[in-house]
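Protein chains: 2
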Amino acid sequence: MKTVVIFSGGMDSTILVYDLIARGDTVKVLSVDYGQRHAKEIVCAKGIAAQLGIEHRVADLRSITPLLAGSSLTSADIAVPEGHYAEDNMKATVVPNRNMIMLAVATGWAISMRFDAVAFGAHSGDHTIYPDCRPEFASLMDSAIRLADWNEVRLIRPFVGQTKAELAKRGAELKVPFERTWSCYKGGEFHCGVCGTCVERREAFHLAGLADPTTYDTKAPTVAMMVRDNWRITA
Amino acid sequence: MKTVVIFSGGMDSTILVYDLIARGDTVKVLSVDYGQRHAKEIVCAKGIAAQLGIEHRVADLRSITPLLAGSSLTSADIAVPEGHYAEDNMKATVVPNRNMIMLAVATGWAISMRFDAVAFGAHSGDHTIYPDCRPEFASLMDSAIRLADWNEVRLIRPFVGQTKAELAKRGAELKVPFERTWSCYKGGEFHCGVCGTCVERREAFHLAGLADPTTYDTKAPTVAMMVRDNWRITA
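Chains A and B are the protein sequences, given in the same order.
Each number in the numbering used here comes from the position in the first sequence (counting from 1) with 4 added on.
Each number in the numbering used here comes from the position in the second sequence (counting from 1) with 4 added on.
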């Protein structure tokens, strides 16, 4: 199968790329620059794609960022919230309709290359605070994508029934270079260790029983402290 | 109702904007620059929005044009085909997944403003050579868009049961300044009169029994010749 993977340079999409390649797919990867606070994840994505020798394209959508105002991921004047994804304050990280926009662009690229599928690394822990992470949404998008061209392109989410910890185990089997992936919402020198996506990353390695090769900011609490506090940040 | 209209500066979307305003809607309009051969339609769109005193935004998606290669609307090395839309050679004007991309961006804007709907000017003559003009596609996109945020945004296509000639009549009632709208796929000084969208425009005025205020290139055949040739270009 020929597959375009929506590729952030984070853990989940990197594991997905390794997994599809191991299954024999022809893979090209697409990152979307929608005006994130930092370009770090795109730099990481480029590095991983180069190591794998696969084509990597960046869809530069920064010009539409002003239309999508109101998210801390794109607005420098809104603080990145700290703590576990499940908390209510994480709603500030929602970029309006981000998933539909990414899927639409990836599908256009897939159609133009006559590829078979668009894949993304959704897993069972994806968060209902993001309305466009709901399974019903993905299912409707799959149906719409299949009708977007005469040559049917499918939307696949191979990890949707698995937890992020299970993904981490699969990534370890596939020798994914986790230390080259980037999750943190902040763009510091190291992962901050306390934003929603850092907490989720640390929890996944912990639950998988794997050593976490990530370098976190020295101010971040230890994993033992995180476990004690039930993965919530008590500032 | 508060509505974002996908606005090309052509006849159909201009009539839609006038129609929604006449019905009392609050309207903002979005044009998408996906690297068309010419910027003429966006210039026309700006002029019409300024005359109406409504907010007009342009989503600049030119950076993704290379991903969507293969269409004569975005590739300077593929000729714009001439003749009626119904003809097979019009397939060259398909931009892969253009409608989903435009709808996704418009929906993101609508969500960020807490608007109620995204509207586009599809009519009954829209062409099955464009897979993403099929009613089933629009219906699935409506369902997906409703799930894209906790505040439901709807996709509306008020003209979907009407012909373009009926739209032209409605536009005349609403005193739409047709002479300020732009349809032609080519970016000449005047409408070429022979590309698919020019032929469709001329046919609509003719069938509506309206004088066509458009200035066509002097090399274009007259309406009488077009009618005689059944709206096909016999080059």
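Where is the CB? At the ideal position from N, CA and C, for every residue including glycine.
Quick caveat: nothing in here was measured; it's all calculated off a predicted structure.
Do the CB positions of residue i and residue j come within less than 9 Å of each other?
i, j, result
"M117/A", "K32/A", "yes"
"P109/A", "N101/B", "Reading off the sequence shown, one finds Val at residue 109/A, where the question assumed Pro. Cβ distance < 9 Å, so V109/A and N101/B count as in contact."
"D16/B", "L151/B", "no"
"F124/A", "L178/A", "no"
"G197/A", "D233/A", "no"
"D23/A", "V62/A", "no"
"L144/A", "A148/B", "yes"
"I10/B", "V164/B", "no"
"G43/A", "G191/A", "A small correction: the amino acid at residue 43/A is Ala; Gly does not occupy that position in the sequence shown. Yes."
Put residue i into one of helix, strand or coil per three-state DSSP.
i, result
"V180/A", "coil"
"H60/A", "strand"
"D37/A", "strand"
"Y220/B", "strand"
"C48/B", "helix"
"L159/A", "strand"
"A26/B", "helix"
"I237/A", "coil"
"K6/B", "strand"
"T97/A", "At T97/A the pLDDT is 49, less than 50, meaning the model places this residue with poor confidence and gives no usable figure here."
"H195/A", "strand"
"V109/A", "helix"
"V122/A", "strand"
"V203/B", "helix"
"V231/A", "helix"
"K32/A", "strand"
"G175/A", "helix"
"S12/B", "coil"
"P225/B", "coil"
"R138/A", "coil"
"Q166/B", "coil"
"S143/A", "helix"
"A212/B", "helix"
For a test of your reading of the model: does the CB of residue i fall under 8 Å from any non-hydrogen atom of the ligand PLP? Yes or no.
i, result
"V21/B", "This structure simply doesn't include the ligand PLP, nor any ligand for that matter."
Here's the rule: buried if 16 or more other CB atoms are within 10 angstroms of the residue's CB, otherwise exposed. What is residue i?
i, result
"P162/B", "buried"
"T219/A", "exposed"
"D130/A", "buried"
"V99/A", "buried"
"P135/A", "buried"
"V21/B", "buried"
"E183/A", "exposed"
"A204/A", "Note that residue 204/A corresponds to Glu in the displayed sequence, not to Ala. Buried is the call here."
"M230/A", "buried"
"E156/B", "exposed"
"E45/B", "buried"
"R27/B", "exposed"
"M94/A", "With a pLDDT of only 48 at M94/A, under 50, the local geometry of the prediction cannot be trusted, and the value read off the model is given with reservation. Buried is the call here."
"S76/A", "With a pLDDT of 49 at S76/A, under the threshold of 50, the modelled position of that residue is not reliable, and no figure is offered here."
"S187/B", "buried"
What number of angstroms, rounded off, separates the C-alpha of residue i from the C-alpha of residue j?
i, j, result
"L65/A", "L107/A", "13 Å"
"G112/B", "L72/A", "6 Å"
"V47/A", "G13/A", "8 Å"
"V180/A", "T18/A", "7 Å"
"E140/B", "A126/A", "26 Å"
"G200/A", "E207/A", "11 Å"
"L34/A", "E59/A", "9 Å"
"V227/A", "H210/A", "8 Å"
"A212/A", "I68/B", "38 Å"
"V8/B", "I25/B", "12 Å"
"T185/B", "I52/B", "8 Å"
"R236/A", "A224/A", "12 Å"
"E193/B", "T167/B", "28 Å"
"C6/B", "I105/B", "The sequence given here places Lys at residue 6/B; Cys does not occur at that position. Rounded to whole angstroms, K6/B to I105/B spans 21 Å at the Cα level."
"K173/A", "A215/A", "11 Å"
"D153/B", "D146/B", "12 Å"
"A169/B", "C202/B", "14 Å"
"T30/A", "R138/B", "30 Å"
"H195/A", "G175/B", "57 Å"
Taking C-beta pairs closer than 9 Å, name the residues in chain C that residue i reaches, listed in chain order.
i, result
"S35/B", "Of the protein chains in this structure, namely A and B, none is chain C."
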